[in-house]
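Report on the following structure.
Number of protein chains: 2
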Amino acid sequence: MRKELEHLMLSPIEWHMAADGPVVRMLDQSRLPHEVVWIDCRDHQTVAKGIKELWVRGAPAIGIAAAMGVALGVQPIRATHYEEFARQLKPIRDTLAATRPTAVNLFWALNRMNNVVQHHKGQPVETIKSILIKEAQAIHEEDVQRNRAMGDHGAELIRSGDAILTHCNTGALATGGHGTALGVIFTAWENGKQVKVFVDETRPVLQGARLTMWELQQNKIPATLITDSMAGAFMKKGVIRLCLVGADRIAANGDTANKIGTYSVAVLAKAHKIPFYVTAPTSTIDFSIANGDKIPIEERNPDEVTNVFGKVRIAPNNVDVANPAFDVTPAKYITGIITEAGIFKPGELKRKLGGKKT
Amino acid sequence: MRKELEHLMLSPIEWHMAADGPVVRMLDQSRLPHEVVWIDCRDHQTVAKGIKELWVRGAPAIGIAAAMGVALGVQPIRATHYEEFARQLKPIRDTLAATRPTAVNLFWALNRMNNVVQHHKGQPVETIKSILIKEAQAIHEEDVQRNRAMGDHGAELIRSGDAILTHCNTGALATGGHGTALGVIFTAWENGKQVKVFVDETRPVLQGARLTMWELQQNKIPATLITDSMAGAFMKKGVIRLCLVGADRIAANGDTANKIGTYSVAVLAKAHKIPFYVTAPTSTIDFSIANGDKIPIEERNPDEVTNVFGKVRIAPNNVDVANPAFDVTPAKYITGIITEAGIFKPGELKRKLGGKKT
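For the protein sequence lines, the chains are R and L, in the order given.
Residue 237 in the numbering used here sits at position 237 of the first sequence, and the numbers go up by one each step.
Residue 581 in the numbering used here sits at position 223 of the second sequence, and the numbers go up by one each step.
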């Protein structure tokens, strides 16, 4: 039984050739699920703003946005020589690189765009500009293919009847399409497996409540929204069979930075002997850092905690607030990492994938 | 150094003799911290509504409110015989008993009021009515005394410089005054110990963000607001030395029902070897139930999760939501239980306190 999943065609970010020039079209996810608003970015500064303000979020989608931001940003450059082009490219790249520090896909995508530029050093500037557009589109397309491959690998872990806990949003919205951890669930569902999903609301930005619940609802997959604080109680009840989360950066030893709260889910899963899998493309693995202690953790605006949607203040004025956007789950809590190249134990990453240029 | 703590004189519920008759005056905590609104309840139905809708909350405060509700509800009874009085008392008690199922203090207080009635069977009805008012006031006063005693015992566990994690609100607002777990922190602070508090916001109703942060701010005690999902990450950082929470019902074996999310904090504390203490008066211990599996858990309105303050919807419409108000922490995760009679290991409760009529 293959179910209809039209929603899975959704891509939250697109390169679009408008009559008056190229645009990067972004679904403004900060307004979901109440409003479906697409924003046309006509310069790289707007793309950078979109990344920073979470119009687009999710490690793979941030990478795609950054690549498209470079492709968009270079179009107005009126350089005749490569050196002048490279000089003008640098601040574009710097602006995009300064948006969010934790997700390695951002830097991976910027490096890949940079490599393309260097590789075509001898070509006319206009040619390089076209090639950069093609490269950004390729990064997007490859992401969807990788997600499909992750879905195929990961779905093998899922049995019909399973209840799966997930944290944050790792679906089509977080990627070029289909998703990572949520993509695994989508593939299992497409393959006819009856699953049920427990969705952590994921404070403070509520990606679980707003985005994951929306994607699951669009696809008619049974899902129950819980607060982050309920995950332990439902594990204790014995109703959760598997935990699936995404990743923003994975260190060489398998330590994984992901949305704040992931670490708690992992510790709770271990205490209840529930398998805990990370799903991420190999581009999320940063072999340049040995372990999770070295991953920079973004501290975001306290208003995200104290003002829900910027509309309702939930705490007294002038209080001290912590708002780390991510935490690091040590490898010992991770049962396996689902990638497009297969499923690996954290300890296997270096040996099996570390040689490859990712 | 004894610090000024005027705020600790706060009682969130008071028996008040107005010109036109007695009232139970409640601080409407559902509007805190933005509005400080006191509501005068002139009948027991309004008191019951206040308990149900969380104008007053916190196990000890619920007990006091229920006792005052009985005292208020009996005043209009125009019975000449005890039997007629007892007949009219029953629906008042039933209405108050039906408000919230988990906190045992509610039933403890109703039983105590009932025992007083039975004990004075031979007295004129008007005398019994007066005695019930005095009993409700005694329950209130004794609660504050017990909280002070808990504070004295618990403060011994705190060293100057400690950072303490707490969940939900267990301060003056949750009790007749001073508080249970937060009361321990207040006493330590009064005794000159420099502490810092990490406050879980406590979704869905945000008692931590709204109430605990407000109480700590009023008392100028350093505090940092975090989302519930951050507790694990801060424990991992090594910045938390102690966890202090309250209780809504403690089973004979020490298993403790408390605000949803408490169980996760306890599991995380154990994983990080951080002491985890429950603070509650002995009236919270229910020796009639052997273990936590028998504690009824209140399932509340899903809107508490999906609509923050009833103002901002954070999820798509028509989604499935779970909203258990409490979870049960097994005794094995609890380092000790701080009561007015001293600090006990969960396994000691029955032997050391089980004989007493609580």
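A virtual CB, placed ideally from N, CA and C, is assigned to each residue, including glycine.
Since we're looking at a predicted model, the values are computed, not measured.
Taken in chain order, the whole beta strand (DSSP E) runs of length 3 or more contained in the stretch 275-336 of chain R are 276-279 and 326-329. A direct Cα-Cα distance of roughly 39 Å separates Met17/R from Gly261/R. In the three-state DSSP reduction, Thr614/L falls in the strand class (E or B). For Ile516/L, same chain residues with a beta-carbon under 8 Å away, outside a window of 5 residues either side, are Ile522, Val542, Ile543, Ala546, Lys551, Val553 and Leu600 in chain order. A straight line joining the alpha-carbon of Asn105/R with that of Asn676/L spans about 35 Å. Counting along the chain, the unbroken alpha helix (DSSP H) around Ala149/R starts and ends at Val125 to Ala155.
Taking C-alpha positions only, Gly650/L is separated from Ala149/R by approximately 45 Å. Taking the CA atoms as reference points, Pro633/L sits about 14 Å from Ala513/L. One finds Pro674, Asn676 and Val677 in chain L with Cβ atoms closer than 8 Å to the Cβ of Gln217/R, taken in chain order. Listed along the chain, the chain L residues whose CB falls inside 9 Å of the CB of Trp214/R are Ala673, Pro674 and Val677. Annotated three-state conformation of His120/R is coil, per DSSP.
Burial is judged here by how many other beta carbons sit within 10 angstroms of a residue's own beta carbon; Arg436/L has fewer than 16 and is exposed.
Asp200/R is bridged by DSSP to Ile226/R. Put simply, the CB of Tyr635/L is far from chain R, with every gap to its CB atoms at 8 Å or more. Within the DSSP secondary-structure output, Asp398/L pairs in a beta bridge with Arg383/L. When the beta-carbon positions are compared, Phe443/L and Ala455/L stay at least 8 Å from each other. Thr614/L and Val557/L do not touch by the CB rule: their CB atoms are close to 20 Å apart, not below 8 Å.
For Leu132/R, same chain residues with a beta-carbon under 8 Å away, outside a window of 5 residues either side, are Val70, Ala71, Val74, Met113, Val116 and Val117 in chain order. Looking at the DSSP output, His16/R sits in a beta bridge with Val23/R. Taking the beta carbon of Ile618/L as reference, the chain R residues within 8 Å of it are Thr227, Ser229, Met230 and Ala233, listed in sequence order. Each residue's CA atom was taken as its position, placing Pro91/R and Asp40/R some 21 Å apart. By alpha-carbon distance to Thr166/R, the top candidate from Gly176/R, Ala65/R and Ala269/R is Ala269/R. Met593/L and Asp143/R have their C-alpha atoms some 35 Å from each other.
Under DSSP, Ala425/L takes part in no beta bridge, so it has no partner. Out of Pro380/L, Lys669/L and Glu411/L, the CA that lies nearest to the CA of Ala494/L is found in Pro380/L.
Thr170/R sits in coil when the DSSP states are folded into three classes, being neither helix nor strand. Around the CB of Ala223/R, 16 or more other CB atoms lie within 10 Å, so the residue is classed as buried. With its beta carbon at least 8 Å from every one in chain R, Ser388/L lies outside the interface. Counting other Cβ atoms within 10 Å of its Cβ, Asp228/R reaches 16 or more and is therefore classed as buried.
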